[in-house]
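Since the structure comes first, as structure tokens, the remarks are kept for the end.
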Amino acid sequence: MVHHAFGKILGLDFGKVRIGIALSDETRTFAFGKEYIPNNKDTLKYIKSIVHSEKISDIVLGYPLNLKGEKTAQTLEVESFEEKLKTYMQNYKLNIIRWDERFTSKIAAGSLIESGMKKKKRQIKGNVDIVSAALLLQSYLDSMKMNSERSEESI
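Sequential numbering of the sequence shown, starting at -18, is according to the numbering used here.
Structure (structure tokens):
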């Protein structure tokens, strides 16, 4: 698939109960946690509305592996969700990119603590999902930037 260098990128941190959502800016430099949504029968419709309204060209989907880099039950759920998403979004020319998310939820919880967020707010699990989605998308954006800098150096 061709990677477009334009359009915002949508980051999704998939969970059985909730999905964290993040968006990049137009320059694909920064990721912003947007919200979390319940994972239910309206999820795909809602994601489609974001893709449409925000003019999304790529979706970065958190891809959970265990510490050894092997698939888990959660990985299979993400793959199933990815297939549904591809089918539902087939009229949009979207790249769906799997992104290793092994450490984002732990980092997200830690960054909420460091930010001084009150314990009661940290316990709202959706907040961790939003931060996880933003961290996941930011790590993807950073790696794209590093790769483009490397390819410019080799020219």
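Every residue, glycine too, gets a C-beta built ideally from N, C-alpha and C. Given the structure is predicted, the values throughout are model-derived calculations rather than measurements.
- The DSSP-derived three-state label of Lys49 is coil.
- With fewer than 16 other CB atoms across the displayed protein chains lying within 10 angstroms of its CB, Thr8 is exposed.
- With 16 or more other Cβ atoms from the protein chains shown falling within 10 Å of its own Cβ, Glu82 counts as buried.
- Around the beta carbon of Met127, fewer than 16 other beta carbons sit within 10 angstroms, so the residue counts as exposed.
- Around the beta carbon of Asp23, fewer than 16 other beta carbons sit within 10 angstroms, so the residue counts as exposed.
- Between Ile(-10) and the set Asn72, Arg131, Ala114, the nearest pair of CA atoms involves Ala114.
- The three-state reading of DSSP puts Arg9 in coil, since its state is none of H, G, I, E or B.
- In the three-state scheme derived from DSSP, where H, G and I count as helix and E and B as strand, Lys126 is classed as helix.
- Annotated three-state conformation of Val(-2) is coil, per DSSP.
- In the structure shown, the three-state DSSP call for Lys22 is coil.
- For Tyr73, there is no enclosing alpha helix (DSSP H), as DSSP marks it with neither H nor E.
- Take the alpha-carbon of Leu57 and the one of Glu35: they are about 28 Å apart.
- Non-local C-beta neighbours of Thr53 in its own chain, meaning closer than 6 Å and more than five positions away in sequence, comprise Asn47, ordered along the chain.
- In this structure, the beta-carbon distance from Asp110 to Tyr17 falls below 7 Å.
- Residue Leu66 holds the alpha-carbon nearest to the alpha-carbon of Ile40 among Lys49, Asn21, Leu66.
- Going by beta carbons, Asp(-6) and Leu117 fall inside the 7 Å limit.
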